[in-house]
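In this note's numbering, the protein residues as written are -4 to 269.
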């Protein structure tokens, strides 16, 4: 049974913007990851159409009728959104959902960072957030549609953490949270490697939020997710379910109580997207 039999939506359109693959085979496979997730939506979710753009569309009408925009790309100073903040601001104001995945959650501090706090609740701020590889464990979830069907799991990924969130996490609902071990801070301080703020947080044993969402005053929804470094991880049922639940929730699609169900791809099937 597919989700086409148990989820209803009316002509919902979702756009993905994929950055180039940037880390060699198997990591930061942005085009392949976007196409895989889009295929899962198109094949298994009734009434939803997902389309992948391999760069920012030159056609300014490309996003006119979308319910959500998901970006999976490199970030920082090279983030594809930076020349288009005004366009995305207009999308947000009309209630379009926004989803930022992995490196796409990092933008420069200042105007872009402030926009991200408004749009998706938080972002990776250099000299405040960090990007280590570690095994995060997820055991408890809130009562939220994105968490529908999720079971406890652990995953080895490049889990960015200690994001810059809105003041007092106002409006932000953490979905994936884990305690980062001190072994994630063995590198010297630097823009992405360590800083006094994150060292204090880890020493206190504070939960680090690696996947979260926000419902904005404009009526739109936003999602931030710091994992997604390894292409193979989309083969994990819980990782895949979290991401698909998130994207569809951002598009205001009702998420079934068991979450979005999709068949488990083989390693060979995932490799066809690279």
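Don't be surprised by glycine CBs; every beta carbon is placed ideally from N, CA and C. Note that the structure is predicted; figures quoted are calculated from it, not measured.
Quick one: is residue i buried, meaning 16 or more other Cβ sit within 10 Å of its Cβ, or exposed?
i, result
"residue 174", "exposed"
"residue 240", "buried"
"residue 217", "buried"
"residue 69", "buried"
"residue 196", "buried"
"residue 62", "buried"
"residue -4", "In this predicted model, residue -4 has a pLDDT of only 39, less than 50, meaning its place in the structure is not dependable enough to derive any value."
"residue 50", "exposed"
"residue 88", "exposed"
Are the Cβ atoms of residue i and residue j separated by less than 8 Å?
i, j, result
"residue 67", "residue 16", "no"
"residue 222", "residue 97", "yes"
"residue 125", "residue 95", "no"
"residue 166", "residue 210", "yes"
"residue 230", "residue 262", "yes"
"residue 123", "residue 157", "yes"
"residue 64", "residue 102", "no"
Does residue i come out as helix, strand or coil in the three-state DSSP assignment?
i, result
"residue 13", "strand"
"residue 113", "helix"
"residue 40", "coil"
"residue 242", "helix"
"residue 88", "helix"
Skipping 5 residues on each side, what residues in its chain have a beta carbon closer than 6 Å to that of residue i?
i, result
"residue 130", "149, 151"
"residue 30", "47, 268"
Which residues in the same chain as residue i place their Cβ atom closer than 7 Å to its Cβ, once the five residues preceding and following it in sequence are excluded?
i, result
"residue 233", "145, 146, 148"
Take residue i and list the residues in its own chain whose beta-carbon comes closer than 8 Å to its own, dropping the five residues that flank it on each side.
i, result
"residue 198", "177"
Can you give the beta carbon distance from residue i to residue j, rounded, assuming they're within the 8 Å contact cut?
i, j, result
"residue 22", "residue 224", "6 Å"
"residue 252", "residue 7", "Not a contact, Cβ separation roughly 19 Å."
"residue 14", "residue 75", "6 Å"
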